[in-house]
């Protein structure tokens, strides 16, 4: 790979609702690929992501909630960005909103018409003429749109033609165009915005497998006609669906089988008809539109007693009161309170990005335990390097050879269509063999020590997981204000004092036989007090590890895993 910029366009969200784990899985997988390209292979990736902030779903949802499409889209766009940040997904180089590129969309459509591949209708819509494309259509999946692709469009020349510009309907947001008031079709927005950034040639295009057809096929057709080129995009990468365990169904909003990344107030269950009496905490009298109010009831503004009797729907939205207009699925829960972003990322790493992935609590728990095991190994190996963990002689030459072979195998796996499962398994094999030698603990150190090889293994393992966005670093080493530093020093002193008490309780120089037994029995309360302190500290997220009688170390635990140990 060279250092020349690599253009990558990602189909971003249609911001009309909360993002769910199916979305999260796709974005995390492609974030991992982006990190691999930049940090392993040295590519300079310039990434653009679309934000679809006007379309049929947004307009429908905004009408149901009696807010403007712009305010609804702005709310869920911001929530999407917060979700991605919580999942440690790197932001794109640039976000591109459809509503900020309407003139460019119109110019793009005009170019397609000029090349004889689109036509306008008397109603003011514009369609791509699929017959004019001929056998050049279908480069990804070799499929032609069916007659039912866009039902109700009777002014098409051919049933398989798709909309580039949709004529405005009553009460819908619209923009002026040479063909009349309207708004962009779905597919044209991505071709236009990708071309605005990358011109007539795109290196990488990413999205879920469900976008391959018709969305990406239509993008290719539009772009190659506009730019008059034989190949617009080099690589189209599609991520597999996230399936709910025991079903063949993908996780989706339409199937109501999804889990949101962050939870809102789950008691707010709203019908699509209106915002009426749907929440045990709220008093929705009615909504402002007379045509939607219940019969026989005076139309009153939307009111929520929970937030001071406000009548502003947008204010209520931004307070997080409304979970969604449609009924909340029973799956909904706050995912990130149960599993950390690192656990979810490891869960995604264990399958190829193209493959479907099965979601269940058991698969996430397995990833959690795996991450705990990796963190535990790194901490034990670091303790060995610092002389706080004693063990028997280490087969240093064998470990050096394994480390060298692991590096080669991991890079080869990542170069083979980003084969992260094979790369992770190779790392785990290295950790397994290194850990076996650390587990050979003896009471007294014997033979030469080999801290350098374990230091090298720690460095490589941490570097690999840091590359893909997972932190195994000691959680003591976190940045913070002076109070955080002070607290760390206090814990250091406490652990040192506890160690001295343990050493005194266990040390009986000059005593033997019954005398030694009596001394140990007299000091037993001290050991019990040390054990009690260790257990009490765990409840506060501090894990103390006794490394024999010579040393004790400590670490901060993730609140989501503080009650679990590897193998639990």
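Numbering (full-length UniProt numbering), first residue to last: 1 to 568.
A virtual CB, placed ideally from N, CA and C, is assigned to each residue, including glycine.
A quick note: this is a predicted structure, and the numbers were derived from the prediction, not measured.
**Study point:** Enclosing alpha helix (DSSP H) for residue 400 [first to last residue]
**Key:** On the chain shown, position 400 is the one that residue 400 refers to. Note, residue 400: alpha helix (DSSP H), 396-415.
Subject >> Range of the contiguous alpha helix (DSSP H) that encloses residue 203 >> reply: Within the chain shown, numbered from 1, the residue matching residue 203 stands at position 203. Counting along the chain, residue 203 falls outside any alpha helix (DSSP H), though it belongs to the beta strand (DSSP E) covering 202-208.
Inset, instruction - Would you grab the beta carbon distance between residue 218 and residue 187 for me? Rounded to a whole angstrom, and I think it's under 8 Å. - result: Here residue 218 refers to the residue found at position 218 of the chain shown. Here residue 187 refers to the residue found at position 187 of the chain shown. Confirmed, about 4 Å.
Exercise for review: Please say whether residue 381 and residue 457 have beta carbons closer to each other than 8 Å?
Suggested key: Within the chain shown, numbered from 1, the residue matching residue 457 stands at position 457. Within the chain shown, numbered from 1, the residue matching residue 381 stands at position 381. Against a cut-off of 8 Å, the Cβ pair of residue 381 and residue 457 comes out as a contact.
**Study point:** At least 3 beta-carbon pairs within less than 8 Å: the stretch 55-65 vs the stretch 20-40
**Key:** no
Quick check on residue 506: buried or exposed, where buried means 16 or more other Cβ atoms within 10 Å of its Cβ? Taking the chain shown and counting its residues from 1, the one referred to as residue 506 is at position 506. With fewer than 16 other Cβ atoms within 10 Å, it is exposed.
Assign residue 355 to buried or exposed, taking buried as 16 or more other Cβ atoms, counted over all protein chains shown, within 10 Å of its Cβ. What you label residue 355 is simply residue 355 of the chain shown in a count that begins at 1. When all chains shown are included, residue 355 counts as exposed.
| What's the gap between the Cα of residue 558 and the Cα of residue 385? | Sequence index remark: in the chain shown, residue 558 carries index 558 (1-based). Sequence index remark: in the chain shown, residue 385 carries index 385 (1-based). If you take the alpha carbons of residue 558 and residue 385, they lie about 24 Å apart.
**Message:** So, at 7 Å on beta carbons, what are the nonlocal neighbours of residue 180 in its own chain, with the 5 sequence-adjacent residues on each side left out?
**Reply:** Here residue 180 is taken as the residue at index 180 of the chain shown, counted from 1. 124, 167, listed in sequence order.
- Message: For residue 162 and residue 472, what's the separation of their Cα atoms in angstroms?
- Response: In the chain shown, the residue the question calls residue 162 occupies position 162. In the chain shown, the residue the question calls residue 472 occupies position 472. Answer to the nearest angstrom: the Cα atoms are 49 Å apart.
* Sort out for me which residues DSSP pairs residue 186 with in a bridge. => Within the chain shown, numbered from 1, the residue matching residue 186 stands at position 186. DSSP, once it has assigned bridges, lists no residue as partnering residue 186.
Here's the rule: buried if 16 or more other CB atoms are within 10 angstroms of the residue's CB, otherwise exposed. What is residue 360?
Stepping through the chain shown from its first residue, residue 360 is reached at position 360. Label assigned to residue 360: exposed.
request  = Tell whether a beta-carbon distance below 8 Å holds between residue 49 and residue 95.
outcome  = Start at 1 with the first residue of the chain shown, and residue 49 comes out as number 49. Start at 1 with the first residue of the chain shown, and residue 95 comes out as number 95. Their beta carbons are under 8 Å apart, which means residue 49 touches residue 95 by this criterion.
Worksheet item: Counting along the chain, where does the beta strand (DSSP E) carrying residue 6 start and finish?
Response: What you label residue 6 is simply residue 6 of the chain shown in a count that begins at 1. Its beta strand (DSSP E) spans residues 5-10.
Checklist entry - So residue 431 is in the alpha helix (DSSP H); what residue range does that whole segment cover? => result Mapped onto the chain shown, residue 431 falls at position 431. From DSSP, the alpha helix (DSSP H) with residue 431 extends over 420-438.
Straight-line Cα distance separating residue 232 from residue 202
For the purposes of this step, residue 202 is taken as residue 202 along the chain shown, with counting starting at 1. For the purposes of this step, residue 232 is taken as residue 232 along the chain shown, with counting starting at 1. Approximately 6 Å, taken between the alpha carbons.
**Q.** Helix, strand or coil at residue 543 [DSSP, three-state]
**A.** Along the chain shown, read from residue 1 onward, the residue named residue 543 stands at position 543. Three-state result, residue 543: strand.
ask   = Are the stretch 95-109 and the stretch 45-59 touching by the rule of at least three beta carbon pairs closer than 8 Å?
value = yes
Taking contact to mean 3 or more Cβ pairs, one atom from each stretch, closer than 8 Å, check whether the stretch 402-417 and the stretch 362-380 are in contact.
no
Beta carbon of residue 434 nearer than 8 Å to that of residue 399 = The residue you call residue 434 lines up with position 434 of the chain shown. The residue you call residue 399 lines up with position 399 of the chain shown. Cβ atoms of residue 434 and residue 399: closer than 8 Å.
(request) Along the alpha helix (DSSP H) that carries residue 468, what are the first and last residues, could you check? (result) Counted from its first residue, the chain shown places residue 468 at position 468. From DSSP, residue 468 is part of no alpha helix (DSSP H); its letter is neither H nor E.
Problem set entry | Simplified DSSP assignment, three categories, for residue 42 | To locate residue 42, count along the chain shown from 1; it is residue 42. Note: residue 42 maps to coil in three-state DSSP.
- Task: Output yes or no for whether 8 Å exceeds the beta carbon distance between residue 495 and residue 552.
- Result: Locating residue 495 in the chain shown gives position 495, counting from the first residue. Locating residue 552 in the chain shown gives position 552, counting from the first residue. Yes. Within cutoff.
* What beta strand (DSSP E) runs, 3 residues minimum, are completely inside the stretch 35-95? -> 44-51
Buried versus exposed call for residue 224 [16 or more other C-beta atoms within 10 Å across all chains shown]:
Position 224 of the chain shown, counting from 1, holds the residue named residue 224. Looking at its Cβ environment, which holds 16 or more other Cβ atoms inside 10 Å, residue 224 is buried.
Fill in: Runs of alpha helix (DSSP H) wholly within the stretch 332-380 (minimum 4 residues, chain order)
341-349
Could you check what DSSP says for residue 572 in three-state terms: helix, strand or coil? This structure gives no information on residue 572, because the portion of the chain shown stretches from 1 to 568.
- Please go through the same chain and pick out, in chain order, the residues whose beta-carbon is closer than 8 Å to the beta-carbon of residue 542, but skip the five residues on each side of it. In the chain shown, the residue the question calls residue 542 occupies position 542. Within the same chain, residue 542 has close Cβ partners 491, 554, 555, 556, 557.
Evaluate residue 191 with the Cβ neighbour count: other Cβ atoms within 10 Å of its Cβ, from every protein chain shown; 16 or more gives buried, anything less gives exposed.
Position 191 of the chain shown holds residue 191. Buried.
So, with DSSP's three-state summary, where would you put residue 234?
Taking the first residue of the chain shown as position 1, residue 234 is located at position 234. Residue 234: strand per DSSP, three-state reduction.
Query raised in the report: Taking one C-beta from the stretch 100-109 and one from the stretch 132-144 each time, how about it: are there three or more such pairs within less than 8 Å?
Result: no
How about residue 30 and residue 10: are their beta carbons less than 8 Å apart?
-> Here residue 30 is taken as the residue at index 30 of the chain shown, counted from 1. Here residue 10 is taken as the residue at index 10 of the chain shown, counted from 1. The answer is yes: Cβ separation under 8 Å.
With DSSP run on the structure shown, which of helix, strand or coil describes residue 137? Reading the chain shown from its first residue, position 137 is the one you call residue 137. Coil, per DSSP.
Classification of residue 85 by the beta-carbon crowding that lies within 10 angstroms, buried from 16 upward = Numbered from 1 along the chain shown, position 85 holds the residue referred to as residue 85. Burial call: exposed.
Return the chain-ordered list of same chain residues with a C-beta closer than 7 Å to the C-beta of residue 346, the five sequence neighbours on each side being excluded. Counted from its first residue, the chain shown places residue 346 at position 346. Around residue 346: 367, 370, 371, 470.
Quick one: grab the DSSP three-state call for residue 557. On the chain shown, residue 557 is found 557 positions in, with the first residue counted as 1. In this structure, residue 557 counts as coil in the three-state DSSP scheme.
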